[in-house]
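Top to bottom, those sequences are chains A and B. Under the working numbering, the first residue of the first sequence is numbered 71, with each subsequent residue one higher. Under the working numbering, the first residue of the second sequence is numbered 3, with each subsequent residue one higher. Even glycine gets a Cβ: it sits at the ideal position worked out from N, Cα and C. Keep in mind the model is a prediction, meaning the values are calculated, not measured. Here the structure is laid out as C-alpha cells; the discussion comes afterwards.
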Amino acid sequence: MARMNMLQAINHALDTAMAADERVLCFGEDVGVFGGVFRATSNLQQKYGKARCFNTPLVEQGIIGFANGLAAQGSIPVAEIQFADYIFPAFDQIVNESAKYRYRSGNLFNVGGLTIRAPYGGGIAGGHYHSQSPEAYFAHTPGLKVVVPRNAHQAKGLLLGAIRDDNPVVFFEPKRLYRASVGDVPESDYQLPLGEAEVVKEGSDITLVAWGAQIEVVEQAVEMAEKERVSCEVIDLRTILPWDVETVANSVLKTGRLLVSHEAPLTGGFGAEVAATIQARCFLYLESPIARVTGLDTPFPLALEKEYMPDHLKVYEAIKASVEF
Amino acid sequence: MTTPSPEDVHTPMLTDGDEFRIPTYKLLQQDGTLYEGAEAPHLERDKALRMYQAMVFTRVLDERMLAAQRQGRLSFYMQCTGEEAAVIGSAAALDDADVIMAQYREQGALAYRGFTTDEFMNQLFGNELDYGKGRQMPVHYGSTRLNYVTISSPLATQIPQAVGYAYGQKLAGDGHCTITYFGEGAASEGDFHAALNMAAVHKVPVIFLCRNNGYAISTPTIEQFAAEGVAPRAFGYRMHVIRVDGNDILAVYEATRVARRMAVEDNRPVLIEAMTYRLAGHSSSDDPSSYRSKKEEEAWREKDPLLRMQRWLTDKGWWSEDDEKRLQESMRREVLDTMKRAEKRPPPPLESLVTDVYDEVTPALAEQLDQLKAHIRKYPDAYPKSASQVTGGD
Ligand SMILES: Cc1ncc(C[n+]2csc(CCOP(=O)(O)OP(=O)(O)O)c2C)c(N)n1
Ligand SMILES: [Mg+2]
C-alpha cells in the first residue's frame, strides 16, 4: 500500500498496464514528455519510449480514429482527451465507430482494446468548457462501456479493469478530486470489475445513488441526515453503462426510497434512466417519488457555479423531503 | 482515347511538394530600420501611433493581469505577449466593421478597436457588467460594437464559422470580410481543413490568420506537423497564402491589407501564416520550463515586436522616450484603477443562470430557478454571492 492521490493512482495504473503488456500505448495532446496537462501520464514516455507514449497533433477526431484503427489491429490504445468537454470532435468516431465495430462486422473486427480517458466535472471554476459531465451522451450508445471512479483506489482498479476489458470503454475522471482525493492504493496489479456498483455505506431508510465526484457530496449530505436519524444507504454506480440494476433494485426494495444525484443537467441525465428502471422494478415498494438532485438545465456557468451545483445542502434537503413525504 | 496532356507521365513520379518553398515576408529589422529594398507601407502617424498604443496597452494589461492571477485576485489568465504585432498589425489592416472571430490570445485586436479597460475588466472578473454575464472564463471577450464574436474555448470551431459569416457578407454585398485567428495547433483540427476547403470552393471573403507561435501548450510544432508550417496547406485547397514575420508589424499590416483587398474585391480567401513565438506560458496554469529552454525564450525575447516598432517610430520622429514613459505609466495606472473597480462589483444576478439558454426562459427553467431561490433562502450563508438577492424586500 502507498498513499496516492488520484492522479498518481491513474499514473500507476497506466504504468502497470504498460509494463504488463507491451501492446498498451498511451497518447493524446501533451501526454508525451510533458505528461499531460494534469500529469496523469508523467514519466511514461521516459520509461516506455516515444513509440508507446507520445504527443498527437491537436485533433480529437484523429486521436480516436487512430485509436480505433490501432485497437482493430490488436494493440491496446489508451487515448487521452484533454478535457471531457473536448471529446465532441471525436463523437462520430466513438458513437458510430468504436461502439459499432463489433456489431456491424459480425465480430469479424472489434475495437475491444480501446480505452478513452477524459477528465470531467465542475468545481474548478472552469466555466462552460472545463466543467461538463457528458456521461449521459455516451450512456445512450450501446456497445460502449462508461466508467467513472470516485477516489484514488477505485481509479487504479477500474482503469486497469477498463484497459483489460474487451470492449471500448470511456473512462471519465473526476478532475476536481485529482489531487484532493488521497488514499491507500495497493502498489500491486489489481482490477475492479466493470458493470458492478458498490454499496459504499449500508442503511435502511433511503438509497442514494451517485458516481464519481458526486459520491463525496452525497456522503456530506448523509452525515447531516444521519444526525437526524435518517439511515442512508450509499451506492457508487462506478459503471454507468452497462449499469448494475440488481444492486440498486435490491437496495431500494429494502429502503423504499431512492435519490439519484449527478452534476450533469436534469433533463436526459443518467438519473432519469435509473429512476425509470427502478420505478418499474420496485413500484410497489416505493414510499416516495424517486428524487433527482442534479445540475440545472443550463450550460455550465462560472460566476454562479456554486448556485448551479447539486451540493450537499441540496442533496440533504432532498433526503428530508423524501423521508417526510 | 483521351488525349495525353503535357502533364501526363508514364513512369511513376512522386512529389512531396518540396519544390514549393514559401518565403517569409519581412520589412522591419529588430533595430527599427527597414531591410534593404523594403518599403514601409503607407501609414499615417495617427494610425501608426494607434497601433503602437494598442501594443503597449496589451503588454501592460497582460503583465498586470498575470500578476493579479498570481495574487489570487483573478482565477485565470492568458497572455498575448510576443504576438502583439501579429494580432494588432492584422487588425489594423482591416476596416473596423470587418468581423473578427478569434481564438483567445487576440486581446490586442480588441484593444486596437477600442475595447475599454472597463470592458476588459468586467469580463475578466465576470461581474454584473460583463457582457457575457459571468458565464465564461476570463479572456472570453465579445463585443457587438466592435464586431468581435465572443470567444469559445473549443478550438478551431470559429474557423468554419468565419467562412459562413463571410459568405453571408458576400451575399449581403456590404463590402466587408471576416478574419479568423487561430494557433498552429488548432490548425490540426478537422474544422480548419473543412473551413479552408469551403472557403475556396465557395469563394468567400475570409482571411485565415494562423499565429504560428511554436507551441500548442507543451507540444512543439515539430510534433504538430511534418510540413515546415501551416502555409503549404493552402495549395491543397487552391487558396492564396502568404507567410509573414509575425513580429514585424509593418509586414503583418501590409500582408493583411493585400489579403483583405483580394478577399473583398475578388472574393478570394487568403491564408496568412504569421511566424512568431508565445513568450509567456500557455496560460496562468502553465510553467513552460519543463518543455522548452530559457535559451530559446531569450532568443525570441530579442525579437520583441514592441521594441521593434518603438524604434521605427522613434526613427521617424513620431515617438520619444518621454512619450514611452508617460504612456506606460498612464496605462499601468488605468489598468490598476479599473481592476479595483471591477473586482468590487457584484456578480451577475441569479436570474442570469437561466436566461439566454433559449430566447425565452422556458417553464421548466423558471421552475428550477424558483426552487433554487427557495433553497438559497433556507441557506443564505452557503451562497454569499446571491443570498442578498433572494432575501431582498424587507
Ligand atoms: C477541441 C479542443 N481540444 C483541446 C483543447 C485544449 N487546449 C486549449 S489551448 C490548446 C493549445 C492550442 O494551441 P494553439 O492552437 O497553437 O494556440 P496557442 O495557445 O499557441 O495560441 C489546447 C490543446 C481545446 N480548448 N479545444
Ligand atoms: Mg500555438
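Heavy atom of ligand 2 less than 8 Å from the Cβ of GLY185 (chain B), yes or no? Here residue 185 (chain B) corresponds to residue number 183 of the second sequence, with the count starting at 1. Flag set: Cβ of GLY185 (chain B) near ligand 2.
Please tell me whether GLY197 (chain A) has its Cβ less than 9 Å away from any Cβ of chain B. Looking up residue 197 (chain A) in the first sequence gives position 127. Yes, GLY197 (chain A) counts as interfacial toward chain B.
Output the distance between the C-alpha atoms of THR211 (chain A) and GLU266 (chain A), rounded to the nearest integer angstrom. In the first sequence, counting from the first residue as 1, residue 211 (chain A) sits at position 141. In the first sequence, counting from the first residue as 1, residue 266 (chain A) sits at position 196. One C-alpha to the other measures close to 19 Å.
Report buried or exposed for HIS82 (chain A), applying the criterion of at least 16 other Cβ atoms within 10 angstroms of its Cβ. As a first step, residue 82 (chain A) is located in the first sequence; it is residue number 12 there, counting from the start. Counting Cβ neighbours within 10 Å, HIS82 (chain A) comes out buried, since at least 16 surround it.
Work out the CA separation of GLU304 (chain B) and HIS204 (chain B) for me, nearest whole Å. By 1-based counting over the second sequence, the position of residue 204 (chain B) is 202. By 1-based counting over the second sequence, the position of residue 304 (chain B) is 302. Computed Cα separation, rounded: 42 Å.
Suppose contacts are defined by Cβ-Cβ distances below 9 Å. Is ILE348 (chain A) in contact with VAL322 (chain A) by that definition? As a working note, residue 348 (chain A) is residue 278 in the first sequence. As a working note, residue 322 (chain A) is residue 252 in the first sequence. Yes, Cβ-Cβ distance for ILE348 (chain A) and VAL322 (chain A) is below 9 Å.
Cβ shell of GLY253 (chain A) (< 6 Å), same chain only, five flanking positions each side left out: If you number the first sequence from 1, residue 253 (chain A) lands on position 183. The answer, listed in chain order, is ASN221, ALA222 and HIS223.
Is ASP20 (chain B) a contact residue of ligand 1, with contact defined as CB to any heavy atom under 8 Å? In the second sequence, the residue the question calls residue 20 (chain B) occupies position 18. Checking every heavy atom of ligand 1 against the Cβ of ASP20 (chain B), none is found closer than 8 Å.
Classify TYR397 (chain B) as buried or exposed, calling it buried when 16 or more other Cβ atoms lie within 10 Å of its own Cβ. Past the boundaries of the shown model lies residue 397 (chain B); chain B is included only from 3 to 396, so the question cannot be answered.
Are the beta-carbon atoms belonging to ASN249 (chain B) and TYR293 (chain B) less than 9 Å from one another? As a first step, residue 249 (chain B) is located in the second sequence; it is residue number 247 there, counting from the start. As a first step, residue 293 (chain B) is located in the second sequence; it is residue number 291 there, counting from the start. No, Cβ-Cβ distance for ASN249 (chain B) and TYR293 (chain B) is not below 9 Å.
Can you check whether the CB of GLY170 (chain B) is closer than 9 Å to the CB of THR152 (chain B)? The count along the second sequence starts at 1 and reaches residue 152 (chain B) at position 150. The count along the second sequence starts at 1 and reaches residue 170 (chain B) at position 168. Result no, Cβ atoms of THR152 (chain B) and GLY170 (chain B) do not sit closer than 9 Å.
Considering only residues of the same chain and omitting the five flanking positions on each side of ARG347 (chain B), which have a CB-CB separation below 8 Å? Position 345 of the second sequence holds residue 347 (chain B). Closer than 8 Å at Cβ, skipping near neighbours: ASN124, PHE127, ASN129, GLU130 and LEU131.
Are the CB atoms of GLU256 (chain B) and ALA95 (chain B) nearer to each other than 9 Å? Reading the second sequence from its first residue, position 254 is the one you call residue 256 (chain B). Reading the second sequence from its first residue, position 93 is the one you call residue 95 (chain B). Yes, Cβ-Cβ distance for GLU256 (chain B) and ALA95 (chain B) is below 9 Å.
Pull the bridge partners of MET15 (chain B) from the DSSP assignment, please. On the second sequence, position 13 is the one that residue 15 (chain B) refers to. In the DSSP output, where bridge partners are listed per residue, MET15 (chain B) has none listed.
Against chain B, does VAL287 (chain A) count as a neighbour if the rule is that its beta carbon must be under 9 Å from one of theirs? If you number the first sequence from 1, residue 287 (chain A) lands on position 217. Chain B, which has no Cβ nearer than 9 Å to the Cβ of VAL287 (chain A), makes this no.
At 9 Å on the CB atoms, spell out the chain B contacts of PRO212 (chain A), in chain order. Here the question's residue 212 (chain A) lines up with position 142 in the first sequence. Simply none; closest approach about 26 Å.
9 Å Cβ cutoff met for GLU130 (chain A) and GLU191 (chain B): Residue mapping note: residue 130 (chain A) aligns to position 60 of the first sequence, counting from 1. Residue mapping note: residue 191 (chain B) aligns to position 189 of the second sequence, counting from 1. Yes, Cβ-Cβ distance for GLU130 (chain A) and GLU191 (chain B) is below 9 Å.
Can you name the residues that DSSP bridges to CYS179 (chain B)? Indexing the second sequence from 1 puts residue 179 (chain B) at position 177. DSSP lists no partner for CYS179 (chain B).
Keeping to the same chain, check which residues put their C-beta closer than 6 Å to that of ALA160 (chain A); ignore five residues upstream and five downstream. Residue 160 (chain A) sits at position 90 when you count from the first residue of the first sequence. Once the five neighbours on either side are set aside, the close Cβ partners of ALA160 (chain A) are GLU130, GLN131 and ILE134.
What does the Cβ neighbour count give for PHE104 (chain A), buried or exposed, with the cut at 16 atoms within 10 Å? For the purposes of this step, residue 104 (chain A) is taken as residue 34 along the first sequence, with counting starting at 1. Buried, because 16 or more other Cβ atoms sit within 10 Å of the Cβ of PHE104 (chain A).
Inter-residue Cα distance where the pair is ASN445 (chain B) and ASN269 (chain B): What is shown of chain B runs 3 to 396, which leaves residue 445 (chain B) out entirely.
At a cut-off of 8 Å, is PRO307 (chain B) close to ligand 1 when judged by its beta-carbon and the heavy atoms of the ligand? Translated into positions along the second sequence, residue 307 (chain B) becomes position 305. Checking the Cβ of PRO307 (chain B) against ligand 1 gives no.
Burial state of VAL107 (chain A), where buried means 16 or more other Cβ atoms lie within 10 Å: In the first sequence, residue 107 (chain A) corresponds to position 37, counting from 1. VAL107 (chain A) comes out buried.
Looking at ligand 2, does it come within less than 8 Å of TYR293 (chain B), judged from the CB to the closest heavy atom? Residue 293 (chain B) sits at position 291 when you count from the first residue of the second sequence. Flag unset: Cβ of TYR293 (chain B) not near ligand 2.
Given a limit of 8 Å on CB to CB distance, which residues of the stretch 347–370 of chain A reach chain B? LEU366, ASP367, THR368 and PRO369
When you compare only the Cα positions, how much space is there between LEU36 (chain B) and ALA253 (chain B)? For the purposes of this step, residue 36 (chain B) is taken as the residue at position 34 of the second sequence. For the purposes of this step, residue 253 (chain B) is taken as the residue at position 251 of the second sequence. C-alpha separation (whole angstroms): 10 Å.
Any chance the CB of ILE186 (chain A) is under 8 Å from a heavy atom of ligand 1? The residue you call residue 186 (chain A) lines up with position 116 of the first sequence. Checking the Cβ of ILE186 (chain A) against ligand 1 gives no.
Can you tell me which of B:LEU29, B:ASP48 and B:ARG47 puts its alpha carbon nearest to the alpha carbon of GLU41 (chain B)? Against the second sequence, residue 41 (chain B) aligns to sequence position 39. The shortest C-alpha separation from GLU41 (chain B) is found at B:LEU29.
Taking 9 Å as the CB-CB limit, is ALA149 (chain A) close to chain B? Locating residue 149 (chain A) in the first sequence gives position 79, where the first residue counts as 1. Chain B, which has no Cβ nearer than 9 Å to the Cβ of ALA149 (chain A), makes this no.
Whole-angstrom Cβ separation of ALA137 (chain A) and PRO204 (chain A), contact assumed at under 8 Å? Position 67 of the first sequence, counted from the first residue, corresponds to residue 137 (chain A). Position 134 of the first sequence, counted from the first residue, corresponds to residue 204 (chain A). Not really, about 18 Å apart at Cβ, beyond 8 Å.
Could you spell out where the beta strand (DSSP E) holding GLU9 (chain B) opens and where it closes? As a working note, residue 9 (chain B) is residue 7 in the second sequence. Run containing GLU9 (chain B): none; DSSP gives neither H nor E here.
Taking 9 Å as the threshold (beta carbon to beta carbon), is LYS297 (chain B) in contact with chain A? Position 295 of the second sequence, counting from 1, holds the residue named residue 297 (chain B). Output row for LYS297 (chain B): interface = no.
Minimum C-alpha distance to ALA110 (chain A) - residue among A:ILE146, A:GLY98, A:GLU394 and A:ARG73: The residue given as residue 110 (chain A) occupies position 40 in the first sequence. Residue A:GLY98 is the option with its Cα nearest to ALA110 (chain A).
Near-chain A residues of the stretch 200–230 of chain B - C-beta to any C-beta below 8 Å: ALA218, ILE219, SER220, THR221, GLU225, GLN226 and PHE227
Give a yes or no on whether the C-beta atoms belonging to THR180 (chain B) and ALA168 (chain B) are separated by under 9 Å. Your numbering for residue 180 (chain B) matches position 178 in the second sequence. Your numbering for residue 168 (chain B) matches position 166 in the second sequence. Yes.
Using only the alpha-carbon positions, how far apart do VAL62 (chain B) and MET311 (chain B) sit? Counting from one through the second sequence, the residue named residue 62 (chain B) turns up at place 60. Counting from one through the second sequence, the residue named residue 311 (chain B) turns up at place 309. Taking the straight line joining both Cα atoms gives about 16 Å.
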